[in-house]
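Right, one structure below, let's go through it.
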Amino acid sequence: MTASMTKTKNRITRRQWLRQAAGVAATAATPLFLRQSALAAGSPAPEGTTGPGSLKAHAAARGLLTGCAVNAALFRDDENFRNLLAEQYNIVVPENCLKWNILRPTPDTYAFEDADSLVAFAEAHGMKVRGHNFVWHQALPTWFAGTVNKDNARKMLVDHIRTVGGRYKGKIHSWDVVNEAIWIPDNRPDGLRSSSPWFEMLGPGYIDLAFRTAREVDPNALLTYNDYSIEYDNDEDGKKRAAVLALIRRMKADGVPLDALGIQSHIKAGGTVGFHQGLRELIDGAKALGLQVFLTELDVNDDAVATEDIAERDKIVAEVYRSYLETALEGPEVKAVLTWGASDRNTWLNKGTKFRKQHPDRLQRPLPFDADYAPTPAFFALRQALDKAKKR
Ligand code: XIL
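To convert, take the position in the sequence shown, counting from 1, and add 2; that gives this note's numbering.
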């Protein structure tokens, strides 16, 4: 359903409404490819989850932003997906198209089309945009290793941030300036990922360089350090969390421009370890430094859930959303909640079987909308958690 249809819904006759609602019921038994064309014809989403029932309406009532990562192909090809974005979210982040491997086809060229069109779409619909990301050890172009070296790495990094950050200056709510710089197995006292090409070429100073350059380029973007596996109450996450906290403390002490901590929040259902004490410790640590906190890539991997019953699985996933968000949104520090994707149709967890080791034949259902863009129990858990949050 489009935003304009939502507005006109109150004005259609009861008979028209019932006819549309019957259309929804009929889609349930229809094969997927036919359902897609039914959706394209504009069948309404179930009542109560759009307009005032949308995620963004519930988030805005609490002073929160809520959004998702946007897959460029889906965004380009699927009008229903674009409608879902505009209907549900007040912030978006490109899933891949601002990463070096997509944005930099050759050392001298930039492919801005996908990012440009998402930024324009967000502007047209009053949504904010997160930038993801300037510096990461992954998603580097194939030419990178043969072209970037110790002598030119500094210039390559600074030029990249100036060009990309400059193009979107004033249009970005927050930039993930550095992504995933901590890696405990590399065994350094400061926990830094020494196996990152950026570290190998520039040493630990690449982090401060990236943040200082980003601030110069777009002074109004909230500069964010973003990382994963720092959420759980176990030793492994505990060690990484401590290293992340030490890094951001060190940066603040050195006057590096840092405004926010991004907690990726790729979490799991079916495990036994929780995430309450550790998550609070992380959020409180960021708060003590005066930082905002964003949940940047929330999704719930349910590969370890034994039951094959879909309704049961969805319930378990929703319960993980509920309990995670209850802790995360307890205080006023977390200002934005973004899931990594909106619909199970294109979640990264279903690419290959890397995240489906225990159940390779089963697609994961980690997001607030199912493969047909219908709200899942996770949608309602997320919306309820937004409602429970204090106003910020
Ligand atoms: C993932 C994308 O979802 C995939 O499509 C891509 O193939 C690899 O990257 N942490 C991050 C994100 O910061 O950029 C990653 O996104 C998921 C993990």
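Virtual Cβ for every residue (Gly too), placed ideally from N, Cα, C.
Going by the DSSP bridge assignment, what does residue i pair with across the sheet?
i	result
G207	Beta-bridge pairing links G207 to no other residue.
F371	S345, P377
Y227	V180, L263
V95	A71
R132	S176
F296	G264, A338
V137	V180
D118	Note: D118 sits in no beta bridge, so no partner.
I186	None; I186 has no bridge partner.
I269	V302
L194	I184
T215	Beta-bridge pairing links T215 to no other residue.
Would you tell me roughly how many angstroms separate the C-alpha atoms of residue i and residue j, rounded to the nearest one?
i	j	result
V398	N303	Because the chain in this structure spans residues 3 to 394, residue 398 falls outside the shown range and cannot be described.
V339	Q294	12 Å
K58	D311	30 Å
P370	A380	5 Å
A63	G128	16 Å
A373	A71	15 Å
E218	T111	22 Å
P109	F146	8 Å
L36	L194	Low local confidence applies: a pLDDT of 33 at L36 is under 50, so the model's placement there is unreliable, with the coordinate-based value given in what follows. Each residue's Cα considered, the two are about 50 Å apart.
Y375	A113	29 Å
R169	A262	22 Å
Q366	S345	11 Å
L249	G50	44 Å
E299	R156	29 Å
T32	F123	Below a pLDDT of 50, predicted positions are generally treated as unreliable, and T32, at 35, falls in that range; the measurement from the model is reported next regardless. Roughly 31 Å between the two C-alpha positions.
D80	E89	14 Å
K241	A183	14 Å
R358	V95	25 Å
K11	H60	Low confidence applies here, because K11 scores a pLDDT of 36, under 50, leaving its location unreliable; read the following figure in that light. Whole-angstrom Cα-Cα distance: 20 Å.
L388	K152	47 Å
E238	H278	15 Å
E283	E115	40 Å
Taking 7 Å as the cut-off, is the beta-carbon of residue i closer than that to any non-hydrogen atom of the ligand XIL?
i	result
N303	no
Q266	yes
H134	yes
N98	yes
N103	no
W200	no
N151	no
E233	no
W342	yes
N181	yes
K171	no
K353	yes
Y230	yes
W350	yes
E2	Residue numbering for the chain in the displayed model covers 3 to 394; residue 2 lies beyond these limits and cannot be assessed.
So is residue i in contact with chain B if we call contact Cβ pairs under 8 Å?
i	result
I163	No chain B is part of this structure, which consists of one protein chain only.
Assuming residue i contacts residue j (C-beta within less than 8 Å), just tell me the rounded distance between them.
i	j	result
T215	I163	5 Å
V246	L297	About 15 Å separates the two Cβ atoms, so there is no contact after all.
Q360	D305	5 Å
At a threshold of 7 Å, does residue i count as lining the ligand FMN (C-beta to nearest heavy atom)?
i	result
I104	No copy of the ligand FMN appears in this structure; the ligands present are the ligand XIL.
Three or more C-beta pairs under 8 Å: does that hold for the segment 172 to 186 against the segment 126 to 137? yes
- Message: Is it the case that the segment 266 to 277 contacts the segment 318 to 336, given that we only count it when at least three CB pairs across the two stretches are under 8 Å?
- Response: With the rule of 3 Cβ pairs closer than 8 Å, the segment 318 to 336 counts as touching the segment 266 to 277.
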